Amino acid sequence: MRFFTSILRTPLFSFVKSISFLRPYHNYSPALLDKCKHLKQLNQILSQTIVTGLFHSDPFVSSKLLLNSLSNCFHQDDPLGFSHTLFLQIPKPNIFAWNFMFRAYSNSSCPTECLMLYNLMRHTQILPDNYTFPFILKACARLSLLEKGREIHAVSLNLGLEVDVFVQNALISMYSLCGMVETAHTVFNALPVLVRDVVSWNSIISGCMQTHAHYGKALKLFGGLLGDNNVRPNEVSIASALSACAKLSSLDLGKKIHAFMITGGFKLDVFISSSLVDMYAKCGQTDDAQNVFDRIPDKNVVCWTAMIACYVQSDLYKEAIELFREMQLARVTADSATVACVISACGHLGALDQGRWIHGYCERKGIEMNLSVWNALIDMYSKCGDLNKAFENFHFLTQKDVFTWTVMITGLAMNGESDQALQLFSQMEVSNSVRPNDVTFLGVLSACSHGGLVEKGSHYFEVMSQKYNLTPRIEHYGCMVDLLGRANLLVEAQKFISAMPIEPDVVIWRSLLFASWCHRNIDLAEFAANQIEELEPRRCGARVLLANAYAATSRWNDVKRVRKAMDEQSIEKQPGCSFVEVNGVIREFLVDDFSHGRRDEILDIVTRINNILQHVQVDPDI
DNA sequence: GTAGGGTTAG
Numbered sequence: 001m002r003f004f005t006s007i008l009r010t011p012l013f014s015f016v017k018s019i020s021f022l023r024p025y026h027n028y029s030p031a032l033l034d035k036c037k038h039l040k041q042l043n044q045i046l047s048q049t050i051v052t053g054l055f056h057s058d059p060f061v062s063s064k065l066l067l068n069s070l071s072n073c074f075h076q077d078d079p080l081g082f083s084h085t086l087f088l089q090i091p092k093p094n095i096f097a098w099n100f101m102f103r104a105y106s107n108s109s110c111p112t113e114c115l116m117l118y119n120l121m122r123h124t125q126i127l128p129d130n131y132t133f134p135f136i137l138k139a140c141a142r143l144s145l146l147e148k149g150r151e152i153h154a155v156s157l158n159l160g161l162e163v164d165v166f167v168q169n170a171l172i173s174m175y176s177l178c179g180m181v182e183t184a185h186t187v188f189n190a191l192p193v194l195v196r197d198v199v200s201w202n203s204i205i206s207g208c209m210q211t212h213a214h215y216g217k218a219l220k221l222f223g224g225l226l227g228d229n230n231v232r233p234n235e236v237s238i239a240s241a242l243s244a245c246a247k248l249s250s251l252d253l254g255k256k257i258h259a260f261m262i263t264g265g266f267k268l269d270v271f272i273s274s275s276l277v278d279m280y281a282k283c284g285q286t287d288d289a290q291n292v293f294d295r296i297p298d299k300n301v302v303c304w305t306a307m308i309a310c311y312v313q314s315d316l317y318k319e320a321i322e323l324f325r326e327m328q329l330a331r332v333t334a335d336s337a338t339v340a341c342v343i344s345a346c347g348h349l350g351a352l353d354q355g356r357w358i359h360g361y362c363e364r365k366g367i368e369m370n371l372s373v374w375n376a377l378i379d380m381y382s383k384c385g386d387l388n389k390a391f392e393n394f395h396f397l398t399q400k401d402v403f404t405w406t407v408m409i410t411g412l413a414m415n416g417e418s419d420q421a422l423q424l425f426s427q428m429e430v431s432n433s434v435r436p437n438d439v440t441f442l443g444v445l446s447a448c449s450h451g452g453l454v455e456k457g458s459h460y461f462e463v464m465s466q467k468y469n470l471t472p473r474i475e476h477y478g479c480m481v482d483l484l485g486r487a488n489l490l491v492e493a494q495k496f497i498s499a500m501p502i503e504p505d506v507v508i509w510r511s512l513l514f515a516s517w518c519h520r521n522i523d524l525a526e527f528a529a530n531q532i533e534e535l536e537p538r539r540c541g542a543r544v545l546l547a548n549a550y551a552a553t554s555r556w557n558d559v560k561r562v563r564k565a566m567d568e569q570s571i572e573k574q575p576g577c578s579f580v581e582v583n584g585v586i587r588e589f590l591v592d593d594f595s596h597g598r599r600d601e602i603l604d605i606v607t608r609i610n611n612i613l614q615h616v617q618v619d620p621d622i
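Numbered according to full-length UniProt numbering, the first sequence spans residues 1 to 622.
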């Protein structure tokens with residue numbers, strides 16, 4: 001192909017062009033071109049049209065050839081290069097040829113090229129038409145070029161396209177993707193009711209969803225679409241509405257839309273099914289998500305990822321990794337969204353070997369390493385205790401977002417590096433590129449708590465609301481109680497709880513109970529345990545801690561009393577549980593659980609597994 | 001022309 005591309009630029013090409021009038025025209029056949037699926041065939045036809053002169057004299061022929069090369073996309077590394085060269089050889093491309101190029105570039109990885117070509121066209125006699133504008137506006141939207149978009153809008157008005165529904169729909173999308181939802185609404189409202197179609201509705205709905213997170217507004221608009229007698233919603237409308245329900249965790253409405261879909265005879269395609277899986281997942285309905293997922297016949301990467309993400313969101317990390325494995329066996333290649341979820345699962349399990357393997361998998365499979373993946377990796381390495389590797393990746397990133405800073409700060413805090421965590425937070429503030437959010441402050445406060453830095457903690461608690469206008473959530477109050485409690489400031493901790501503007505939950509009382517136990521304050525421990533019992537009468541955690549507190553002060557009768565009460569109410573102690581990675585295999589261990597064998601037996605099994613693994617050739621991607 | 005999945009958390 002490269003050979004041919006270069007031919008187009010050579011003097012030989014000009015020579016053939018100049019003698020082409022000598023040849024007859026009858027070799028070209030449009031029907032033949034429609035069937036052409038290989039570069040070699042296209043080259044043959046193209047050569048014929050050049051030799052016969054048709055390529056340069058008949059705009060229909062050159063446009064048809066261009067369209068064929070674009071739709072076949074012959075070269076994977078540079079999918080549009082060949083077509084672009086071909087296009088430049090057309091002496092006076094008609095509007096069809098221009099629009100083919102605009103369409104291709106507006107969907108490509110370099111939409112800028114679309115605008116460059118548009119500028120080129122504006123220097124010719126050819127005027128844009130109603131097909132041109134949607135492509136150019138899409139390129140503006142993808143590049144967030146609001147001013148350029150406005151300019152194009154003005155040109156379209158000059159050409160009298162204010163009631164063309166294709167152009168208006170593209171304007172709605174462009175304005176909302178450029179952050180101008182209000183203007184998008186103005187365009188939508190200005191469309192005569194009989195002109196509006198389902199794409200107009202879908203465009204304004206997804207506009208509300210994408211950049212400004214106006215999920216409630218999106219659902220109201222979906223209601224408006226249902227009430228529009230001239231338009232019937234389609235699969236795109238349903239997918240957007242489900243996505244809004246997912247974002248709002250609105251299970252009732254999500255179920256209603258699911259029912260509406262079934263009764264309305266909508267096609268349950270892989271797109272809608274993925275939205276359904278996600279909706280049930282975000283509403284905490286793992287079983288329903290699983291049911292929908294199991295029934296999807298041709299599962300693609302998106303629905304696999306939606307289900308893996310569902311497991312991660314429900315803290316089912318082992319299941320998430322297992323499903324990823326099944327996805328490998330189904331020969332579906334993961335993408336950046338999938339690996340971000342799976343890496344997160346590895347982090348939560350402390351599965352460093354698996355996490356490293358997935359890092360390598362990304363490199364082997366050429367998965368796009370976007371910021372979400374790097375953030376998940378940094379988080380995974382620090383959760384697994386490999387702070388050096390986490391830092392190495394953190395420093396490697398030239399662009400950092402609020403997740404990047406937050407995972408690193410939190411990672412340092414949880415590894416006991418409080419001073420370093422606070423230093424990094426200062427760096428974040430100085431860099432002034434990213435604004436910390438409420439989760440960043442959870443990291444900062446937990447660093448203070450683990451380092452016993454009471455004054456600093458109180459300072460940052462103030463900074464959070466006063467400087468950054470962030471309202472502390474129950475989690476932040478929890479950090480503060482933990483901070484005061486660990487520092488043996490039990491009275492202050494109790495006062496702090498009383499002064500909280502929100503009702504304390506069990507986690508707050510558990511922190512106080514734990515601190516009271518550590519510092520042997522039995523009265524306060526009893527008080528906190530009572531509070532927990534009121535909130536969670538069937539759970540045993542508080543009583544176990546209280547019994548431990550009595551034991552720590554040798555109050556054996558009280559220990560017996562608490563244990564007896566637990567027995568009488570048939571409340572059993574929940575066994576502690578932890579995950580251990582043995583040569584990349586995640587094993588779950590419970591306290592007093594010998595299902596994996598006794599210690600020497602476990603070691604024996606581990607040795608045997610190691611021996612087997614040494615002699616087995618495992619496909620590294622399965 | 002419009003559509004689905006992702007990273008941080010006491």
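Heads up, the beta-carbon is just placed ideally off N, CA and C, and yes, glycines get one too. Predicted model only: the values in this text are computed from it and were never measured.
Out of the options, point me to the one whose CA is closest to residue i's CA.
i: ASN107; options: ARG142, SER243, ALA528 and GLN89; result: ARG142
i: ILE238; options: ASP164, SER249, LEU226 and LEU248; result: LEU226
i: VAL61; options: ASP78, PHE82, MET307 and ASN94; result: ASN94
i: VAL231; options: GLN210, MET261 and VAL195; result: VAL195
i: ASN119; options: GLY224, GLU151 and PRO501; result: GLU151
i: SER200; options: TYR361, ALA170, ARG473 and ARG103; result: ALA170
i: residue 635; options: ASP58, GLY53, SER69 and ALA529; result: This structure leaves residue 635 out entirely; the chain is present only between 1 and 622.
i: PHE293; options: PHE527, ARG561 and LEU268; result: LEU268
i: ARG188; options: CYS178, GLU162 and GLN210; result: According to the sequence as given, residue 188 is Phe; it is not Arg. It is GLU162 whose Cα lies nearest to the Cα of PHE188.
i: residue 623; options: LEU242, LEU117 and ALA337; result: No statement about residue 623 is possible, as the shown extent of the chain runs from 1 to 622 and does not include it.
i: GLY224; options: GLY179, SER156, VAL198 and CYS384; result: VAL198
i: GLN125; options: PHE135, ILE136, PRO91 and GLY149; result: PRO91
i: LEU453; options: GLU475, GLU429 and CYS479; result: CYS479
i: PRO472; options: ALA376, ASP438, VAL434 and GLU568; result: ASP438
i: TYR317; options: GLN423, ALA351 and GLY284; result: ALA351
i: ALA218; options: ASN229, SER206 and LYS282; result: SER206
i: MET279; options: ASP252, SER83, ILE262 and SER176; result: ASP252
i: GLN531; options: ASP482, ARG520, GLY216 and ARG510; result: ARG510
i: ASN43; options: VAL491, ASN415, HIS56 and LEU86; result: LEU86
i: ARG486; options: GLU503, ALA515, ASP505 and HIS459; result: ALA515
i: LYS365; options: PHE266, SER144, THR333 and LEU177; result: THR333
i: SER240; options: VAL51, LEU67 and PHE222; result: PHE222
i: GLN210; options: LEU191, GLU363, VAL181 and VAL236; result: VAL181
On the DSSP letters alone, give me the boundaries of the alpha helix (DSSP H) that residue i sits inside.
i: CYS362; result: 352-365
i: ALA213; result: Per DSSP, ALA213 belongs to no alpha helix (DSSP H) and is neither H nor E.
i: VAL302; result: 301-313
i: THR183; result: 181-190
i: THR333; result: No alpha helix (DSSP H) holds THR333; DSSP gives it neither H nor E.
i: GLU147; result: 146-158
i: LYS291; result: Correcting the residue type first, residue 291 is Asn in the shown sequence and not Lys. Counting along the chain, the alpha helix (DSSP H) containing ASN291 begins and ends at 286-294.
i: MET464; result: 454-466
i: SER243; result: 235-248
i: CYS448; result: 438-451
i: SER173; result: 165-177
i: SER433; result: It is not in any alpha helix (DSSP H) - SER433 carries neither H nor E in the DSSP assignment.
i: GLY411; result: 402-414
i: ASP269; result: Premise fails: ASP269 is in no alpha helix (DSSP H) and is neither H nor E.
i: PRO59; result: 59-72
Measuring only from the beta carbon, is residue i closer than 7 Å to any heavy atom that is part of the ligand ATP?
i: GLY227; result: This structure simply doesn't include the ligand ATP, nor any ligand for that matter.
Could you give the C-beta distance for residue i and residue j, rounded to a whole number, given that I count them as a contact under 8 Å?
i: LEU512; j: LEU524; result: 7 Å
i: SER156; j: SER203; result: Contact doesn't hold; Cβ gap of about 16 Å is too wide.
i: SER344; j: ASP379; result: 7 Å
i: PHE394; j: THR406; result: That pair is no contact at about 11 Å.
i: VAL481; j: ARG435; result: Not confirmed; about 26 Å, so no contact.
i: LEU483; j: GLY457; result: 4 Å
Quick check: the region 494-506 against the region 458-470, are there 3 or more CB pairs under 8 Å?
No: the two stretches stay apart, fewer than three of their Cβ pairs being nearer than 8 Å.
message: When you compare the region 272-279 with the region 298-306, are there three or more beta-carbon pairs, one atom per stretch, that lie closer than 8 Å?
response: Yes, the region 272-279 touches the region 298-306.
- prompt: Is the region 346-357 touching the region 325-336 in the sense that three or more CB pairs, one from each, lie closer than 8 Å?
  reply: no
Where are the alpha helix (DSSP H) runs, 4 residues long or more, that stay fully inside the region 504-571, in chain order?
-> 506-518, 522-535, 541-552 and 556-568
**Item:** Length-filtered (4 minimum) alpha helix (DSSP H) runs lying within the region 360-399
**Value:** DSSP runs (the alpha helix (DSSP H)) wholly in the region 360-399: 371-383 and 387-396.
Cβ pair count under 8 Å reaching 3, the region 370-390 against the region 425-432: In the pairwise beta carbon analysis, the region 370-390 is classified as not touching the region 425-432: fewer than three pairs are separated by under 8 Å.
Next item on the list: Starting from the N-terminal side, write out each stretch of the alpha helix (DSSP H) that is 4 residues or longer and does not extend beyond the UniProt repeat "PPR" (94-128).
Entry: 95-106 and 112-122
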